[in-house]
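Taken in order, these protein sequences are the chains called Y and V. Reading the first sequence from the start, the letters are residues 38 to 281 in the working numbering. Reading the second sequence from the start, the letters are residues 38 to 281 in the working numbering. Here a beta-carbon is modelled for each residue, glycine too, at the ideal position from N, C-alpha and C. For reference, the structure discussed in these notes is given below.
There are 2 protein chains.
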Amino acid sequence: MVNISDSFLILPLINHLVKINITMKKNKETATEQAILEAARKVFVEKGFDGARMQEIADEAGINKALLHYYYRSKEKLFETVFLEAFIKVVPSVLVILNSDEPLFNKIERFVSNYLDVLAENPIIPGFILHELAHNQKRIGSLIRGTGINPQFFIAQIYREIEAGNIKNCDPRQLIINMLSMCIFPFVAKPILQAVFFKNSEEEYKQFIAERKAEVTRFIIASIRKQQEEEIILPGQSTQNTSK
Amino acid sequence: MVNISDSFLILPLINHLVKINITMKKNKETATEQAILEAARKVFVEKGFDGARMQEIADEAGINKALLHYYYRSKEKLFETVFLEAFIKVVPSVLVILNSDEPLFNKIERFVSNYLDVLAENPIIPGFILHELAHNQKRIGSLIRGTGINPQFFIAQIYREIEAGNIKNCDPRQLIINMLSMCIFPFVAKPILQAVFFKNSEEEYKQFIAERKAEVTRFIIASIRKQQEEEIILPGQSTQNTSK
DNA sequence: AAAAAAATTAACCAATTGGTCAACATTTCG
DNA sequence: CGAAATGTTGACCAATTGGTTAATTTTTTT
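Have a look at this one:
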């Protein structure tokens, strides 16, 4: 499930995370272990650390509660495992794109598109991560600190594009956080957005997220692109009105 | 504290919320009651409903635990009070702006500016609201449903601006959610953003939020404004500022 | 001042919760 | 096979938690 191999392009981060507590867990995870993790994932993500009950996890996994402690010594330990799994699934996957070697606009498009996909597949993970990160900084903070996440490469690229006159001047951090905001927030705020904008219809909401890919990309690029009469548009497939 | 009078421009929402459980509480709140609410606010917002302990709230308020139940029958009741107070403080305040009668760009600027101010003053409320809303939909959902929050007026205005050719064509909901995202997300994700972008420096983060006002406004408007090159989508559109 | 009402407390309680343990079952393996 | 290792369980425990109650203090009212 962790699918570590997927993300091995960003070895330092993964290594750091894995080393911390999984200690290169042998792949011989038993069926029971799997059931426990799946159940724990469900309950923890749904109820949060404090709201989760070991008994509920045991029931959900169809086993005795004592067995939980047999495989994972304590609630904290079990939680850490689940949290790291979720964290790895959602956070580093997109860093690969940001640190890749593409033209900026391509990169933004791919980032938005891929990230929205990842989040659509794990819609409740962001809220989980953000909440636990905010409320259990002692428990998790140390796991995350120094993960090697660093946006310097992408920031440098933005600066280069600014100097090249391809995009407007701006603080790259603002731009990055704008991108993250527009991708992540709709999932964190799903309940209230769904109520206010989509009549609580799951269908409409899904449709909305699907449309959002193109929309957010367009929104970002339109905002930062420097429109000049003598345009220096990069060799990207800018599918816009080329009716010049 | 609730400052209901501030927001009375959106009476329906406030009315609905207030009627639900405050039942027009008499203003004769005793000092103890205030202390309890303040303590409860702190603990609930910090720890969430499940993580909060009645004993801790009592200690924080400097009173006996039984006194909590004397004033607020149960944990749930106390929580509802605290939650509604927070909700009222952060959510409706900006709706006033969105439903006002200003030109679109002014409105956007005022919205972003004011909202970032409100959130900077209550930085932990958004996370609190979003989390409890997602995890205790049974407990709170009914309080929120039908609050009268509705963005129709603002949506209509956007459509008008599109037809008038002042802004590009777009789904107004996408635009609104973009705005909300960029305002709210930085506060929800503060811990991780601070670690990744600001070396955990509170000072740098504050500075960043301050700069963000102008930045987000600029970002949004630059993205939706229709630049005066040629652009014809609708056949019979009134010729606005076409410097051709 | 006396009685009534409101505020406050200590002690207590039933239920829940994370965790343990000794016993039992199953698999592994010499 | 048979013993050692591993997996699994029900019963149990100490600590915690939300909530109650009866008694005491403080304030208000008469």
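DSSP three-state call for residue i: helix, strand or coil?
i, result
"V/ILE204", "strand"
"V/ASN187", "coil"
"Y/ALA89", "coil"
"Y/GLU198", "helix"
"Y/ILE94", "helix"
"V/GLY99", "coil"
"Y/GLU66", "coil"
"Y/PHE256", "helix"
"Y/THR60", "For Y/THR60, the pLDDT reaches just 46, beneath the cut-off of 50, and the residue's location in the model is therefore unreliable, leaving the point undetermined."
Mind checking who residue i pairs with in its DSSP beta bridge?
i, result
"V/ARG262", "V/ILE204"
I'd like to know whether the C-beta atoms of residue i and residue j end up nearer to each other than 9 Å.
i, j, result
"V/ILE161", "V/LEU115", "no"
"Y/ASN211", "V/VAL253", "Strictly speaking, residue 211 of chain Y in this sequence is Gln, with Asn absent from that position. Yes, Cβ-Cβ distance for Y/GLN211 and V/VAL253 is below 9 Å."
"Y/ASN136", "Y/PHE81", "no"
"Y/GLY85", "V/HIS168", "yes"
"V/ILE100", "V/THR69", "yes"
"V/ILE289", "V/CYS207", "Any property of residue 289 of chain V remains undetermined from this structure, which presents chain V solely from 38 to 281."
"Y/VAL131", "Y/PHE148", "yes"
"Y/PRO228", "V/ALA171", "yes"
"V/ALA123", "V/PHE165", "yes"
"Y/ILE221", "Y/ILE261", "no"
"Y/ASN151", "V/VAL233", "no"
"Y/PHE256", "Y/PHE245", "no"
"Y/GLY88", "V/ASP138", "no"
"Y/LEU153", "Y/LYS250", "yes"
"V/TYR109", "V/ALA77", "yes"
"V/ASN145", "V/ILE258", "Residue identity check: residue 145 of chain V is Ile in the sequence provided, not Asn. In this structure, V/ILE258 lies closer than 9 Å to V/ILE145 by Cβ."
"Y/MET219", "V/MET219", "yes"
"V/GLN264", "Y/GLN174", "no"
Quick check: does the Cβ of residue i come within less than 8 Å of any heavy atom belonging to the ligand SAH?
i, result
"V/PHE256", "Annotation note on the ligand SAH: not contained in the displayed structure, which lists no ligands."
Exercise for the section: Name, going along the chain, the residues of the stretch 225-248 of chain Y whose beta-carbon falls closer than 8 Å to a beta-carbon of chain V. Expected result: VAL225, ALA226, LYS227, PRO228, ILE229, LEU230, ALA232, VAL233, PHE234, PHE245 and GLU248
Problem - Whole runs of the alpha helix (DSSP H) within the stretch 104-160 of chain V, excluding any shorter than 4 residues - result: 112-127, 129-135 and 141-158
Handout entry: alpha helix (DSSP H) runs wholly inside the stretch 204-252 of chain Y, at least 4 long, in chain order
Key = 209-225 and 227-234
Practice task
Check distances from the C-beta atoms of the stretch 194-211 of chain Y to those of chain V and list, in chain order, the residues that come in under 9 Å.
Solution key: LYS205, CYS207, ASP208, ARG210 and GLN211
Exercise for the section: Residues of the stretch 71-97 of chain V with a CB closer than 9 Å to any CB of chain Y: list them in chain order, please. Expected result: GLU83, LYS84, GLY85, PHE86, ASP87, GLY88 and ALA89
Handout entry: Residues within the stretch 109-141 of chain Y neighbouring chain V, beta-carbon criterion of under 8 Å
Key = none
Practice task
Compile a chain-ordered list of the residues in the stretch 148-176 of chain V whose CB is closer than 7 Å to at least one CB of chain Y.
Solution key: GLY164, LEU167, HIS168, LEU170, ALA171, HIS172 and GLN174
Handout entry: Members of the stretch 250-264 of chain V near chain Y, C-beta cut-off 7 Å
Key = GLU252, PHE256, ALA259, SER260 and GLN264
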